[in-house]
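S.K.: I have a structure I would like to understand better, so I am pasting it below and will then ask my questions one at a time.
2 protein chains.
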Amino acid sequence: MKVLVVEDDQFHARYVLDAISEELPEVTEIAHAINRDEAEIEARTGGFEAIVMDLQMEQGNGIDAARAIWAHSPQTRILFWSNYADEAYLRGISQIVPEASAYGYVLKTATRDRLKLALRAVLFEGQIMISRELYQYQRHRQPSSALDKSEYAVLLDLALGLQDKMIAERQNLSLRTVQNRLQSLYDKLGIDEEDGPALNKRVRALNCAIRKKALNLQTLESAEAEYQRWRETQ
Amino acid sequence: MKVLVVEDDQFHARYVLDAISEELPEVTEIAHAINRDEAEIEARTGGFEAIVMDLQMEQGNGIDAARAIWAHSPQTRILFWSNYADEAYLRGISQIVPEASAYGYVLKTATRDRLKLALRAVLFEGQIMISRELYQYQRHRQPSSALDKSEYAVLLDLALGLQDKMIAERQNLSLRTVQNRLQSLYDKLGIDEEDGPALNKRVRALNCAIRKKALNLQTLESAEAEYQRWRETQ
DNA sequence: ACATTTTCTGCGGGAACCCGCAATGGCGCA
DNA sequence: TGCGCCATTGCGGGTTCCCGCAGAAAATGT
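For the record, the sequence lines run as chains A and B. Residues in the first sequence are numbered from 5 upward in steps of one, following my numbering. Residues in the second sequence are numbered from 5 upward in steps of one, following my numbering.
Here it is in structure tokens:
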């Protein structure tokens, strides 16, 4: 079994490499990439069955790297190993994970035992394994506070700075429907329940989404890139 | 000389501790805190002359911790050791650093030699030392693209979601002047020069500020807390 | 098949926002 | 002192945004 580790922090890289060789004697070869370019080249040419990847890397972000890798070899199992329990990351990943693959999400603050467990479960057994801290965001039939898919899509467009008309065009909705989506977005982000004077709901929504970790810098960058691509074809 | 290291990542903590004992034999005692509470208690009771602190910690952020420490002992020298070269951090720090103290900002990606240099320069010699990657934001007489103090203040209020009238009240400006500030903010963030269809400038400004690292999650949290405090006294 | 609920859509109005124009008032410089 | 420059402020108008109302369309339950 061949495993690739993508991690730019040398200490964390060593830690994972050690954990892998301890927990998975089945692994015959371990490679190590320290940035996105290296990772994609290695993944394309190395024929790895499994990858451990840090989501925060210097150039680009881990989700885009994973998308590229999965586009080329959709059966690759990827364990994401991240500092942050952001809903934004989990949403980004679950949108791109292919049917044929397995993935996991472990926090760097997890114990060594939990990391080892995830390594075995995901890389070797092909299970899906998500850290409990994130699982709350997985609620599909939600308690009214989780964003559904279309609301999240509108949130992304709002975050880009698009106006209602443009969002309607991109989502193939009428203007009024977009405004309804925004309304429920405002509700779910809890914007009106704050007392105090009136706020600019649009900006407040972006602010809250970021503070609640529903969006983060990588999400914004990805959405921006996607929007620019969309605009070329409009 | 007594030094306190505030760092929640065990590997990075060990790295710094090693570097300190190698580079600064003058240090007689090294303590280690792994979160904000520990850091404040240690700093208050330990009588440290110098601190090395990670800006990203689990609870609260490093800047608020530094503010609390400096409020209690303003001569303490603090070397910030961070993963990110965000303008937001530098602005936050330079607003709270007391006259009597010295501080430094080093990236975790810096070489061991540069870290050692910063340790000696800041902790021992009491110099100011800022990583080159960040120094670009220090331009006081700026090439028209850097935000001046009042523009940054308006940016913070905008980011909170305040509307023009409220910003005017908080900054003691007329409505129209706030709008002028917003105008120059939009210019400097480069919002109009994008082709494409019109955007919602307010949201776009927040988006750009975040992508340009002029704001980050910690900034938003701090500004939010400060705003809530202000509202109590209104 | 029918009734009920939910979602989508258009219309209209009040509020907030963006910004051009012009008047005022400080500040430096010759 | 006088002149020009720039920040500040008020006014007005066009645009966008937020949202209540009500009808149309779709989904759901019986």
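All C-beta atoms in this analysis are idealised placements derived from N, C-alpha and C, irrespective of residue type, glycine included.
For chain A, is any of its Cβ atoms less than 8 Å away from the one on E225(B)?
M.R.: In the second sequence, counting from the first residue as 1, residue 225(B) sits at position 221. Yes, E225(B) counts as interfacial toward chain A.
S.K.: Roughly how many angstroms lie between the CA atoms of L138(A) and R180(B), to the nearest whole one?
M.R.: Looking up residue 138(A) in the first sequence gives position 134. Looking up residue 180(B) in the second sequence gives position 176. In a straight line, the C-alpha of L138(A) is about 45 Å away from that of R180(B).
S.K.: Thinking C-alpha only, which one of Q99(B), V101(B), I134(B) and F128(B) is nearest V110(B)?
M.R.: Here the question's residue 110(B) lines up with position 106 in the second sequence. Nearest of Q99(B), V101(B), I134(B) and F128(B) to V110(B), Cα basis: I134(B).
S.K.: What residue range is occupied by the uninterrupted alpha helix (DSSP H) comprising M170(B)?
M.R.: Position 166 of the second sequence, counted from the start, is the residue given in the question as residue 170(B). M170(B) -> alpha helix (DSSP H) spans D168 to Q175.
S.K.: Assign Q79(A) to one of two classes, buried (16 or more other C-beta atoms within 10 Å of its C-beta) or exposed (fewer than that).
M.R.: Mapped onto the first sequence, residue 79(A) falls at position 75. Label assigned to Q79(A): exposed.
S.K.: May I have a chain-ordered list of the alpha helix (DSSP H) segments no shorter than 4 residues that lie completely inside the segment 7–60 of chain B?
M.R.: Listed in chain order, the complete alpha helix (DSSP H) runs (minimum 4 residues) inside the segment 7–60 of chain B are 14–27 and 40–50.
S.K.: Going by C-alpha distance, which of V56(A), Q167(A), Q187(A) and E197(A) is nearest A23(A)?
M.R.: To locate residue 23(A), count along the first sequence from 1; it is residue 19. With distances taken between Cα atoms, A23(A) lies closest to V56(A).
S.K.: Does the beta carbon of P147(A) sit closer than 8 Å to a beta carbon anywhere in chain B?
M.R.: Translated into positions along the first sequence, residue 147(A) becomes position 143. Low local confidence applies: a pLDDT of 46 at P147(A) is under 50, so the model's placement there is unreliable, and no value is given.
S.K.: Between which two residues does the beta strand (DSSP E) harbouring I73(A) extend?
M.R.: Counting from one through the first sequence, the residue named residue 73(A) turns up at place 69. Element bounds for I73(A): not the beta strand (DSSP E) but the alpha helix (DSSP H), G66 to H76.
S.K.: If contacts are defined as beta-carbon pairs under 8 Å, then L127(A) and R81(A) qualify, I think. What distance do you get, rounded to the angstrom?
M.R.: On the first sequence, position 123 is the one that residue 127(A) refers to. On the first sequence, position 77 is the one that residue 81(A) refers to. Rounded, the Cβ-Cβ distance is 6 Å, consistent with contact.
S.K.: What residues in its chain sit with their C-beta under 8 Å from that of V158(A), if we drop five residues either side in the sequence?
M.R.: Start at 1 with the first residue of the first sequence, and residue 158(A) comes out as number 154. Excluding sequence neighbours, V158(A) sits near I171, Q175, V182, R185, L186 and L189.
S.K.: Would DSSP call R145(A) helix, strand or coil?
M.R.: Reading the first sequence from its first residue, position 141 is the one you call residue 145(A). In this predicted model, R145(A) has a pLDDT of only 39, less than 50, meaning its place in the structure is not dependable enough to derive any value.
S.K.: If contact is defined by three or more beta carbon pairs under 8 Å, each pair taking one atom from either stretch, is the segment 114–133 of chain B in contact with the segment 24–32 of chain B?
M.R.: Touching, per the Cβ criterion.
S.K.: Drop a sphere of 10 angstroms on the beta-carbon of G108(B), count the other beta-carbons inside from all chains shown, and report buried for 16 or more, exposed for fewer.
M.R.: Taking the second sequence and counting its residues from 1, the one referred to as residue 108(B) is at position 104. Burial call: buried.
S.K.: Determine, for T17(B), whether the minimum Cβ-Cβ distance to residues of chain A falls below 8 Å.
M.R.: One-based indexing of the second sequence puts residue 17(B) at position 13. The question names Thr, but residue 17(B) in the sequence shown is Ala. Taking Cβ atoms only, chain A never reaches closer than 8 Å to A17(B), which makes this a no.
S.K.: Throw me the rounded Cβ distance for the L224(A) and L162(A) pair, which I believe falls under 8 Å.
M.R.: Numbered from its first residue, the first sequence carries residue 224(A) at position 220. Numbered from its first residue, the first sequence carries residue 162(A) at position 158. Not confirmed; about 11 Å, so no contact.
S.K.: Any chance you could list the alpha helix (DSSP H) runs of at least 4 consecutive residues sitting entirely within the segment 75–155 of chain B, in chain order?
M.R.: List check, alpha helix (DSSP H) in window: 91–100, 116–122 and 136–139.
S.K.: Which one of E91(A), G64(A), H16(A) and Q63(A) has the shortest CA to CA distance from R136(A)?
M.R.: The count along the first sequence starts at 1 and reaches residue 136(A) at position 132. With distances taken between Cα atoms, R136(A) lies closest to E91(A).
S.K.: What in chain B is Cβ-close to R206(A), meaning under 7 Å?
M.R.: Here residue 206(A) corresponds to residue number 202 of the first sequence, with the count starting at 1. The contacting residues are N204, R206 and V207.
S.K.: Mind checking which residues open and close the alpha helix (DSSP H) that includes A227(A)?
M.R.: Residue mapping note: residue 227(A) aligns to position 223 of the first sequence, counting from 1. Segment L221 to T237, the alpha helix (DSSP H) holding A227(A).
S.K.: Between the segment 223–238 of chain A and the segment 61–73 of chain A, are three or more C-beta pairs nearer than 8 Å?
M.R.: With a cut-off of 8 Å, the segment 61–73 of chain A and the segment 223–238 of chain A count as touching, because enough Cβ pairs lie within range.
S.K.: Can you pull the chain B residues whose beta carbon is under 7 Å from the beta carbon of P102(A), in chain order?
M.R.: Counting from one through the first sequence, the residue named residue 102(A) turns up at place 98. Near P102(A) there are no residues of chain B at all, since even the closest Cβ is about 29 Å away, more than 7 Å.
S.K.: Keeping to the same chain, check which residues put their C-beta closer than 8 Å to that of A255(A); ignore five residues upstream and five downstream.
M.R.: In this structure chain A extends from 5 to 238, so residue 255(A) is not present and cannot be described.
S.K.: Going along the segment 153–171 of chain A in order, which residues come within less than 8 Å of chain B, judged by CB to CB distance?
M.R.: Taking 8 Å as the Cβ-Cβ cut-off against chain B, the residues of the segment 153–171 of chain A that qualify are L162, A163, L164, G165, L166, Q167 and M170.
S.K.: State yes or no: is the C-beta of R48(A) within less than 8 Å of the C-beta of H76(A)?
M.R.: Taking the first sequence and counting its residues from 1, one reaches residue 48(A) at position 44. Taking the first sequence and counting its residues from 1, one reaches residue 76(A) at position 72. Yes, the Cβ-Cβ distance between R48(A) and H76(A) is below 8 Å.
S.K.: Output the distance between the C-alpha atoms of F52(B) and M5(B), rounded to the nearest integer angstrom.
M.R.: The residue labelled residue 52(B) in the question sits at position 48 within the second sequence. The residue labelled residue 5(B) in the question sits at position 1 within the second sequence. Between F52(B) and M5(B), the C-alpha separation is close to 8 Å.
S.K.: Are the C-beta of G96(B) and some C-beta of chain A separated by less than 8 Å?
M.R.: In the second sequence, the residue the question calls residue 96(B) occupies position 92. Not one chain A Cβ lies under 8 Å of G96(B).
S.K.: Can you name the start and end residues of the alpha helix (DSSP H) that K192(A) belongs to?
M.R.: Here the question's residue 192(A) lines up with position 188 in the first sequence. Here the alpha helix (DSSP H) through K192(A) covers L179 to K192.
S.K.: Buried or exposed for I97(A), going by 16 or more other Cβ atoms inside 10 Å?
M.R.: Translated into the one-based positions of the first sequence, residue 97(A) becomes position 93. Answer is buried; the Cβ neighbour count reaches 16.
S.K.: How is the alpha helix (DSSP H) around N204(B) delimited, first residue to last?
M.R.: The residue given as residue 204(B) occupies position 200 in the second sequence. No alpha helix (DSSP H) contains N204(B), which DSSP labels as neither H nor E.
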